[in-house]
Amino acid sequence: MKSPLNALLEKQKVLVLDGAMATELEKAGVDTANELWSATALLAEPEKITAVHASYFAAGSQIATTNTYQANLPAFIKNGLSEASARQLIKQAVQCAQTAVKSSDDTNLLIAGSIGPYGAYLADGSEYTGAYQKTQAEYQAFHYPRMAALVAAGVDLLAFETQPNFAETQALISLLKDKFPQLTAWVSFSIKDERHLCDGTDLIAAAQYAAKFPQISAIGVNCTALENIEPALHQLQTTVSKPLIVYPNNGDRYNPQTKKWQVNPQADSFSDLVPRWIAAGAKIIGGCCRTSPADIQEIATTVKSELAK
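Quick note: the sequence shown, position 167, residue 170 per the working numbering, numbers continuous.
Quick look at the structure:
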């Protein structure tokens, strides 16, 4: 099995991932203040999703993550859609990314199908704590329809991202192995500090578990504070042989109770941090919450400069 991610890494030592979707959609006038969050745009304004993907490609990203983090069948059905319509919306999310790829001059672009955690569906802040429990069968029943729709629509790989709950990650990897044996994925954990997933699981133990599976082509962390990235990378670099992926938030602080962000003027810049992340083993670098095309351009420019040394 040839991993598209590894194939691209053979051409370039460090890859650039895209940044936040919801932040850019909000700037474009999409109301994301609801349980569907950024997936709201799929209902009436998919062209704005395509525009966001295109803006990240123009900024230097080589990988687009589909706007499906919050797009799952139960959420859509809860909002009055049929199961068939829900599947079509997930397919449409992939088509938005595919349209952006076609409009780019770069022929080395990938589309990763975003699989957010069950906690995101709950929309109660538990995606930041991992404080929820389901059986493996329940997790798989929740995730399978979205995974199947993404694969049918033609994604290059899957992104098991912002994973705060180790049992859920195990269920996802098992589902990938059993139902989609020809597909690869990256696993990116949501961590509360440099050593632990949000549910308290040891990061190294979780990463070593994921690394055992050939279909997992990269392992890392996302949706966490900038200061957690470098120490987490140092741990992962010494214990995991897979390519390491990181895409933190932009430095602002999120309050899950008020659901609002607070600007952090003391946050380090990506141009200062990216060289240290590369030195610590990062192979795929992008941004998560609150990052913008300007941030991705800064990352891409810094990566290019580092590779030229």
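Ideal Cβ positions, reconstructed from N, Cα and C, are used throughout, including at glycine.
{"Check": "Which of helix, strand or coil DSSP assigns to Ser88", "Outcome": "helix"}
{"Check": "Delimiting residues of the alpha helix (DSSP H) encompassing Gly122", "Outcome": "121 to 125"}
{"Check": "Close Cβ partners of Glu309 (< 8 angstroms) along its chain, the five nearest in sequence each way excluded", "Outcome": "Val17, Val277, Pro278, Ile281"}
{"Check": "Reduced DSSP category for Gln166 - H, G, I as helix; E, B as strand; rest coil", "Outcome": "strand"}
{"Check": "Backbone secondary structure at Leu186 - three-state DSSP", "Outcome": "coil"}
{"Check": "Between the CA atoms of Gln173 and Gly133 - distance to the nearest angstrom", "Outcome": "14 angstroms"}
{"Check": "Alpha-carbon spacing of Ser274 relative to Lys81, whole angstroms", "Outcome": "43 angstroms"}
{"Check": "Option nearest Ala283 by Cα separation, candidates Ala155, Thr102, Thr242", "Outcome": "Thr242"}
{"Check": "In DSSP terms, what Tyr212 is bridged to", "Outcome": "According to DSSP, which records beta bridges pairwise, Tyr212 is partnered with nothing at all."}
{"Check": "CA nearest to the CA of Thr102, picked from Lys180, Ile52, Glu86", "Outcome": "Ile52"}
{"Check": "Per DSSP, cross-strand counterpart(s) of Lys263", "Outcome": "Asn258"}
{"Check": "Sequence-distant residues of the same chain with beta carbon closer than 7 angstroms to Phe40, five excluded per side", "Outcome": "According to the sequence provided, residue 40 is Trp. The question's Phe does not apply to it. Once the five neighbours on either side are set aside, the close Cβ partners of Trp40 are Ala25, Gln73."}
{"Check": "C-alpha distance - Val104 paired with Tyr121, whole-angstrom precision", "Outcome": "29 angstroms"}
{"Check": "Three-state secondary structure (DSSP) of Ser41", "Outcome": "helix"}
{"Check": "Per DSSP, cross-strand counterpart(s) of Thr68", "Outcome": "Ala115"}
{"Check": "Asp196 - containing beta strand (DSSP E), residue span", "Outcome": "194 to 196"}
{"Check": "Inter-stretch contact at 8 angstroms, needing at least 3 Cβ pairs: the region 186 to 193 / the region 218 to 228", "Outcome": "yes"}
{"Check": "DSSP beta-bridge partners of Leu313", "Outcome": "Past the boundaries of the shown model lies residue 313; the chain is included only from 4 to 312, so the question cannot be answered."}
{"Check": "Counted within 10 angstroms of its Cβ, other Cβ atoms place Pro217 as buried (16 or more) or exposed", "Outcome": "exposed"}
{"Check": "Span of the beta strand (DSSP E), counted from its first residue to its last, around Leu20", "Outcome": "Per DSSP, Leu20 belongs to no beta strand (DSSP E) and is neither H nor E."}
{"Check": "Beta bridge counterpart(s) of Asp205 as assigned by DSSP", "Outcome": "His199"}
{"Check": "Residues that DSSP places opposite Asn225 in a beta bridge", "Outcome": "Tyr250"}
{"Check": "For Ala152 and Leu8, the rounded distance between their alpha carbons", "Outcome": "21 angstroms"}
{"Check": "Which residues DSSP lists as bridging Ile219, in chain order", "Outcome": "Ala188"}
{"Check": "Close beta carbons around Tyr142, own chain, < 6 angstroms, minus the five adjacent residues each side", "Outcome": "Glu171, Ala174"}
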